[in-house]
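A.B. asks:
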Amino acid sequence: MSSSFIKRYIEAIKEGLVSYLAFNKFATTKVYYKSELFTCTSLSFPVVVFTLESKGEVVSKCRAFSLSITLDFTIITDCSSCSTQGLTLALLVTKFLAKNYFLSDFSINDSSVAGEEEAEMITKLRCAIADRIDSCDLNFLC
């Protein structure tokens, strides 16, 4: 199986989102795919971390399959910033996905606070993309 297609797909989302946020006056916002976060020694806020979840289905009872895509975003801001900054970033991410991908639905949860000494505000965004990844894209025999 070739993971280069998935890697390019994730990199395209990340690079596009970084550019889109910078264009919309959030140039200091860092965007990470989940595995990149562990290489950071310190984070400066705001931060957007995303993961990819997929649900597969077999196509026409053959050896091919198709994956639907859901992106989960965790947006972390510090409490010294504007209290709606996480929600604003979530809406910008949603607008980016609607503009550049086939966004089918989304949900935003802006109700979490983490930490005791230095509180951080956590905003969760879940976006279902109508794009599908076919097994042919992953270099499987179709």
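Numbering of the sequence shown is given in the working numbering, commencing with residue -11 and proceeding in unit increments.
Yeah, the Cβ is synthetic: ideal placement off N, Cα and C, and Gly gets one too.
If you compare alpha carbons, which of Phe11, Ser42, Asp122, Phe61 is closest to Leu75?
C.D. replies: Position 87 of the sequence shown, counting from 1, holds the residue named residue 75. Leu75 has its Cα closest to that of Phe61, out of Phe11, Ser42, Asp122, Phe61.
A.B. asks: Report the residue ranges of all beta strand (DSSP E) runs contained in full by the stretch 70 to 106; include only those spanning at least 3 residues, in chain order.
C.D. replies: Within the stretch 70 to 106, the complete beta strand (DSSP E) runs of at least 3 residues are 91 to 102.
A.B. asks: So, helix, strand or coil for Phe11, using DSSP?
C.D. replies: Your numbering for residue 11 matches position 23 in the sequence shown. DSSP places Phe11 in helix when its eight states are reduced to three.
A.B. asks: Under the rule that 16 or more other beta-carbon atoms within 10 Å means buried, what is Thr111, buried or exposed?
C.D. replies: Against the sequence shown, residue 111 aligns to sequence position 123. Classification for Thr111: buried.
A.B. asks: Which residues in the same chain as Phe90 place their Cβ atom closer than 8 Å to its Cβ, once the five residues preceding and following it in sequence are excluded?
C.D. replies: On the sequence shown, position 102 is the one that residue 90 refers to. Around Phe90: Ile117, Ala118, Asp119.
A.B. asks: What three-state label does DSSP hand Ser42 in the structure shown?
C.D. replies: The count along the sequence shown starts at 1 and reaches residue 42 at position 54. Of the three classes helix, strand and coil, the one that applies to Ser42 here is strand, per DSSP.
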